[in-house]
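Residue numbers (the numbering used here), protein chains in the order written: chain A, 205 to 515; chain B, 636 to 962. Reviewing the structure listed below.
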Amino acid sequence: MFKTAGARTRKAGYWHRRTKGDIIVDLIIYAVMLIVIFATLFPFLNVIAIAFNDSTDSVKGGIGIFPRIPTLDNFKELGRYPNLLQGGIISLLRTVVGTVCSLLSTCMLAYVLSRKEFMFRRLFMTLFLFTMYVDSGIIPHFMVIRALGLNNSFWVYIIPGLISAYNLILVRSFIEQIPFSLQESAFLDGANDFTIFRKIIMPLCLPVTATVGLFYAVGQWNSWFDTKLYAFSNEKITTLQYELMKILQQSMAQQGNPNLGHAGQIAQSQSVSPLSIRMTVTLVAVVPILLVYPFVQKYFVSGLTLGAVKS
Amino acid sequence: MLNSTRAVAPRKRRKKEQPPLLQRLSKQRFLIMMSFPFFIWVIVFCYLPLLGWGMAFQDFKLKGDVLQSFFSAPFVGLKHFEILWHDLINQGRFFLALRNTLAMSVLLLVFGFVTPIIFALMLNELRSKWFKRTTQTISYLPHFISWVVAATMISSMLSSEGPVNDLLIWLGLSEKRVPFLADQNLFWGIMTISEIWKELGWNAIIFLAAISGVDPGLYESAELDGAGRFRKIWHITLPCILPVITVILIMDIGWLISVGFEKQYLLGADMTRNTSEVLDIYALKAGVDQGRFSFGTAIGMFKSVVSIALVLVANAIAKKTGETSII
């Protein structure tokens, strides 16, 4: 972070001045860090290994981070679960639609709330901030969704979670840093507030919309509880995460039952064991995140630190 | 702070002589049009459910239309809260749910709060920039996966044929394979470790940002005085990031009862119900699954009220300690 000449000489000096104690402490720290890296990555690598490993072989256990008998059969088997493909499509759809809707709404409202002369600014701000601290609980929320007839509709994924107060504050504080003079000259040219938002504010907001959009996208892709609560009876709109949840719950029920060990699981399966199917679906559910993660993680971090500084 | 109030003051005075309401309305019509839909949205999805708390004082039965059921339901006063109170005294299911929620929250508050600080301090001691950045990037990967995916991984790691058992046997720490998730005595510990596994790197970011903001000159002068690395951490790094630590600690206390329910829901089984069922899950099962909506609402309301009280207490502490208020 401090790429000055001073820092570099300090660093060089450090290697010369290292005492025995320093070396031991360094070794301990490196060892701890390697353990953290291993503990973080191992479950992911294990999922990948089992997903690409022969199903009957996986049941014997002992798979580490490499497949023992590599095969693609598990992925072919996924085709036999029609819910999974449709779940993937719905997940993708809600991620795209949800992110676009949430992002546009958040930015538009944030822009309005950034305007100091707006007459309802205080009222709206208080209303949205309050939602961060008060949670009405699951059942009243469930009833409101029912009353609006949103249950079993695709829009239950998009509308109730449209705006997060945290992201709203993030975008608003970003817009407030943009010099007001940019807007003023546009006003003089006769532009209205909406045009200014569209033509001036949105393009300038690109860095913060990248961060906030990613937050929304990850949230949409990962959410499963709304399906479980509001849409479980409409099989056409269940999501991938929800389907994975059902598969997991089946295995949890078996784990709790000592009579049904792995032997029971094999007897039940058709050609691929539940363990392999579970891991393959997990891999499919996590791959989009793994693919974009290396490229976008810096936006997440910048969003967090920006929000922290503000609050 | 002073400067900004001085700058705002003249504008405020101008506001006083502002044009009448109608003129202002017409002048701000675009702003109003742009924000009004979201006003409706926040009322419907965030404040209407609060009115639903009225259900806690009724015997609500869902028959067809929700609104009709709501207005035709008989008022029963504090009946459901009395049931909860009796349950609490007799150590029934509500007592267990409250105990589990608090136990897991406190465990998480203690361990989940300290580990990111230690992790951040250790990361900061790494000399290799490349290794530091890689470790950090890897460490917050689990934050971005869903609890469903995380729970699937955890259940496969901890199954009796899983890698954790393999490791324990290989190390000679245990002789037979343990079905970790079927043992109710281990549940709280497993939940705490899972949460730390998932959020360690993410929670460390804020401390790392604070550490990188420490004036390097302080370290240089300490070095001239002959301070070793532990003394530098103890006398410079920690005092410098203490304000951040305080704020985060206070916020965590505020969220004490709001421990998530996803991991408990996904990893809990019937066998571990006594230690895995938290308030949200109990409210959900009693309310939605059994149709005792009023009772479930009462549980949720109890939780929310305690949670708000905790936030207010935390905020009061924050003001006392001289930090800025967190609300």
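Built from N, CA and C at the ideal position, the CB exists for glycine as well.
Straight-line spacing of the CA atoms in Ser790/B and Val251/A works out to 12 angstroms. Residue-level contact check: Glu912/B does not touch chain A, since none of the beta carbons of chain A fall below 8 angstroms from its beta carbon. With a threshold of 8 angstroms between beta carbons, Pro492/A makes no contact with chain B. Around the beta-carbon of Met739/B, 16 or more other beta-carbon atoms lie within 10 Å, marking it buried.
The three-state secondary structure of Phe384/A, taken from DSSP, is coil.
For the stretch 371-393 of chain A, the beta-carbon criterion of a distance under 7 angstroms to any beta-carbon of chain B is satisfied by none of its residues.
Put simply, the backbone Cα of Asp722/B is about 34 angstroms away from that of Ala785/B.
Listed along chain B, the residues sitting closer than 7 angstroms to Pro247/A by beta-carbon distance are Met788, Met792. Sequence-distant partners of Glu380/A (beyond 5 residues in either direction) whose C-beta falls short of 6 angstroms from its own C-beta, in its chain, are Ser318.
DSSP, reduced to helix, strand and coil, places Asn257/A within a strand of the structure shown.
Sorting Met826/B, Gly824/B, Val799/B by C-alpha distance to the C-alpha of Val813/B places Val799/B at the top.
Proximity of Val300/A to chain B, defined by a Cβ-Cβ separation below 8 angstroms, is not satisfied.
Taken through DSSP and simplified to helix, strand or coil, Gln445/A comes out as helix. Put simply, the CB of Pro411/A is far from chain B, with every gap to its CB atoms at 8 angstroms or more.
In this structure, Ala691/B keeps its C-beta atom at 8 angstroms or more from the C-beta atom of Ser847/B. When C-alpha distances from Leu452/A are compared across Trp765/B, Arg927/B, Gly903/B, the shortest belongs to Gly903/B. Cβ-Cβ separation between Asp339/A and Val476/A: approximately 41 angstroms, too far for a contact (criterion under 8 angstroms). Val240/A counts as buried, since at least 16 other C-beta atoms from the protein chains shown sit within 10 angstroms of its C-beta. In the structure shown, Gln726/B falls within a coil segment according to DSSP collapsed to helix, strand and coil. Under a 10 Å Cβ-count criterion, Gln925/B is classified as exposed, with fewer than 16 other Cβ atoms of the shown protein chains found around its own Cβ.
Taking a C-beta cut-off of 9 angstroms against chain B, the contacting residues of the stretch 235-269 of chain A are Val236, Met237, Leu238, Val240, Ile241, Ala243, Thr244, Leu245, Phe246, Pro247, Phe248, Asn250, Val251, Ile254, Val263, Lys264, Gly265, Gly266, Ile267, Gly268, listed in chain order.
At least 8 angstroms separates the CB of Thr415/A from every CB of chain B. With respect to the C-alpha of Phe322/A, the residue from Ala857/B, Asn950/B, Tyr854/B, Ser661/B having the closest C-alpha is Ser661/B. According to the DSSP assignment, Asn287/A belongs to the alpha helix (DSSP H) that extends over 286-318. Put simply, the CB of Gly292/A is far from chain B, with every gap to its CB atoms at 8 angstroms or more. Within the same chain, Leu366, Ile367 come within 7 angstroms of Ser309/A by CB-CB distance, once the 5 residues on both sides are set aside.
The beta-carbon distance between Phe270/A and Ala243/A, rounded to whole angstroms, is 18 angstroms. This is too long to meet the 8 angstroms contact definition. Burial check for Gly852/B: the Cβ neighbour count within 10 Å stays below 16, so the residue is exposed.
Going by C-alpha positions, Pro344/A is about 46 angstroms away from Leu802/B. Membership of Asn278/A in the alpha helix (DSSP H) is indicated by the continuous run 277-282.
At the C-beta level, Ile493/A and Val422/A come within 8 angstroms of one another.
Counting other Cβ atoms within 10 Å of its Cβ, Lys224/A stays below 16 and is therefore classed as exposed. Cβ-Cβ distances below 7 angstroms link Asp887/B to Leu744, Phe748 in the same chain, with the five nearest sequence neighbours on each side left out; the list follows chain order.
When 9 angstroms is used as the limit between beta carbons, Met936/B is near these residues of chain A: Ser340, Gly341, Pro344, in chain order. By the neighbour-count criterion, in which a residue is buried when 16 or more other Cβ atoms sit within 10 angstroms of its Cβ, Ser295/A is buried. Burial of Val485/A is indicated by the presence of at least 16 other C-beta atoms within 10 angstroms of its C-beta.
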